[in-house]
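Student: Please see the structure below; I have some questions.
There are 2 protein chains.
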Amino acid sequence: MKYSEAKSDLIQAWGNLGYSWGLNKVMAQIHALLMVSAKPLSAEEIMEELKISRGNANMNIRALLEWNIIYRISVPGERKEFFRAEKDTWVLARQVAKERRKRELEPILKTLKNVSAVENDGTEETKEFKKVVKELKGFAEKSDGLLDTFIKAEENWFWSTIMKVFK
Amino acid sequence: MKYSEAKSDLIQAWGNLGYSWGLNKVMAQIHALLMVSAKPLSAEEIMEELKISRGNANMNIRALLEWNIIYRISVPGERKEFFRAEKDTWVLARQVAKERRKRELEPILKTLKNVSAVENDGTEETKEFKKVVKELKGFAEKSDGLLDTFIKAEENWFWSTIMKVFK
DNA sequence: TTAAACTTTCAGTATTTATTGAAAGTTTAT
DNA sequence: ATAAACTTTCAATAAATACTGAAAGTTTAA
Numbered sequence: 003m004k005y006s007e008a009k010s011d012l013i014q015a016w017g018n019l020g021y022s023w024g025l026n027k028v029m030a031q032i033h034a035l036l037m038v039s040a041k042p043l044s045a046e047e048i049m050e051e052l053k054i055s056r057g058n059a060n061m062n063i064r065a066l067l068e069w070n071i072i073y074r075i076s077v078p079g080e081r082k083e084f085f086r087a088e089k090d091t092w093v094l095a096r097q098v099a100k101e102r103r104k105r106e107l108e109p110i111l112k113t114l115k116n117v118s119a120v121e122n123d124g125t126e127e128t129k130e131f132k133k134v135v136k137e138l139k140g141f142a143e144k145s146d147g148l149l150d151t152f153i154k155a156e157e158n159w160f161w162s163t164i165m166k167v168f169k
Numbered sequence: 003m004k005y006s007e008a009k010s011d012l013i014q015a016w017g018n019l020g021y022s023w024g025l026n027k028v029m030a031q032i033h034a035l036l037m038v039s040a041k042p043l044s045a046e047e048i049m050e051e052l053k054i055s056r057g058n059a060n061m062n063i064r065a066l067l068e069w070n071i072i073y074r075i076s077v078p079g080e081r082k083e084f085f086r087a088e089k090d091t092w093v094l095a096r097q098v099a100k101e102r103r104k105r106e107l108e109p110i111l112k113t114l115k116n117v118s119a120v121e122n123d124g125t126e127e128t129k130e131f132k133k134v135v136k137e138l139k140g141f142a143e144k145s146d147g148l149l150d151t152f153i154k155a156e157e158n159w160f161w162s163t164i165m166k167v168f169k
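Chains U and V, in that order, are what the protein sequence lines are.
Under the working numbering, read the first sequence as residues 3 to 169, first letter to last.
Under the working numbering, read the second sequence as residues 3 to 169, first letter to last.
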């Protein structure tokens with residue numbers, strides 16, 4: 003397989019995967035492109051490689067910066083801004099986990115906590131509701147705890163601990 | 003907080019959460035409604051509660067059935083089909099994990115495996131590409147393994163094992 | 001067999017999300 | 001101060017996704 007083909011395949015696949023994190027396709031594709039690049043790229047280069055407009059590039063670069071999974075690089079002697087991706091997979095994974103926890107888990111935890119306070123009105127419906135909410139809340143809290151551990155963990159420790167226990 | 007308000011809040015929040023799993027809003031809302039219901043509901047009841055069309059209800063019920071997180075119930079003496087959600091949070095979580103693994107993780111694993119076979123052409127770009135792909139592949143495989151363990155695990159064992167090690 | 005009850009499908013439409021390209025804004029070099 | 005280089009913004013448009021309501025299809029009771 004040729005490099006250009008492999009790169010294109012990875013960028014496409016990453017574009018699709020990004021939807022599951024809450025990224026749009028182009029945002030994820032820019033990320034993939036920066037991840038596999040040996041050096042930082044300018045918005046112009048990104049535009050050209052992915053065949054997107056300057057505005058689209060700008061907006062999605064911005065969003066990736068907000069996720070803190072790419073960084074803005076100033077190169078002496080260049081007016082242009084350059085961008086590079088986080089290159090350490092572990093750091094990347096933790097950062098993605100952190101953002102998703104904030105965007106996905108925290109809102110549902112908050113709602114579950116709020117609706118836990120539903121009044122006891124004696125009906126079967128409310129009884130079932132409370133039961134379901136209690137269980138969901140428990141699961142969500144445990145998951146939050148596990149995610150917290152992951153976000154704070156050192157890579158070797160995390161995987162070796164997992165392997166030790168689960169094998 | 004009144005039951006009806008709590009229910010509505012949860013359904014809304016679940017609708018938003020569902021996007022992160024690859025469900026659309028109504029699909030997730032139907033799921034939430036069925037989860038908190040004390041008894042199975044018909045398509046008619048779902049339509050009325052969520053104020054959606056019969057066609058929309060049907061399509062999203064169908065999708066949830068495909069995810070295997072709700073079940074079709076035949077009630078003797080009734081022509082209508084009824085639906086109920088999986089009520090065991092653990093079983094639900096595992097099923098969601100299973101589906102997402104299939105839809106999200108497997109495609110990227112496959113692509114990473116494919117592009118690992120990129121030719122060595124001696125360029126810096128290809129060298130960097132191979133390095134990044136190797137790391138991503140490693141992380142994805144480990145995550146797949148962890149997910150596999152989760153999908154197959156018994157609830158008490160899983161959480162107590164996690165707690166024992168991480169605390 | 002017929003018709004009522006029920007479910008599914010689908011073409012057209014509505015809504016949401018994504019994208020564009022140029023205007024507006026900012027920075028830097030002369 | 002001026003203009004070139006660069007970045008951001010935004011109104012309009014395009015594309016994708018979601019939804020409708022009625023037609024088509026299926027099941028059941030009489």
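For each residue, glycine too, the CB sits at the ideal point set by N, CA and C.
1) Buried or exposed: residue 96/U, going by 16 or more other Cβ atoms within 10 Å of its Cβ?
2) So with CB distances below 8 Å, who are the chain U contacts of residue 161/V?
3) Label residue 39/U either buried or exposed according to how many other C-beta atoms from any shown protein chain fall within 10 Å of its C-beta, with 16 as the threshold for buried.
4) Which residues does DSSP pair with residue 72/U in a beta bridge?
5) Say whether the stretch 63-70 of chain U touches the stretch 88-103 of chain U, bearing in mind that this needs 3 or more beta-carbon pairs closer than 8 Å, one atom from each stretch.
6) Counting only the same chain and skipping the five closest in sequence on each side, list residues whose C-beta sits under 8 Å from that of residue 118/U.
7) If we ignore side chains and look at the alpha-carbon of each, how far apart do residue 120/U and residue 127/U end up?
8) Look at the alpha carbon of residue 78/U and the alpha carbon of residue 103/U, and state the distance between them as a whole number of angstroms.
9) In the structure shown, what three-state DSSP assignment does residue 25/U receive?
10) Just to confirm, is the Cβ distance from residue 25/U to residue 51/U under 7 Å?
11) Per the DSSP calculation, residue 43/V is bridged to which residue(s)?
12) Is the beta carbon of residue 19/V less than 7 Å from the beta carbon of residue 110/U?
13) Does DSSP put residue 4/V in a helix, a strand or coil?
14) CB-CB under 8 Å to residue 115/V, same chain, minus the five flanking residues each way: which ones, in chain order?
15) For the alpha helix (DSSP H) that contains residue 145/U, what are its first and last residues?
16) Using 7 Å as the limit for Cβ to Cβ distance, is residue 117/U near chain V?
17) Beta carbons nearer than 9 Å to chain U: which residues of the stretch 18-32 of chain V have them?
18) Note the first and the last residue of the continuous alpha helix (DSSP H) segment covering residue 78/U.
Tutor: With the structure as the only source:
1) buried
2) 144
3) buried
4) 87/U
5) yes
6) 132, 135, 136, 139
7) 12 Å
8) 37 Å
9) coil
10) no
11) 85/V
12) yes
13) coil
14) 139
15) 126-154
16) yes
17) 18, 19, 21, 22, 23, 24
18) Per DSSP, residue 78/U belongs to no alpha helix (DSSP H) and is neither H nor E.
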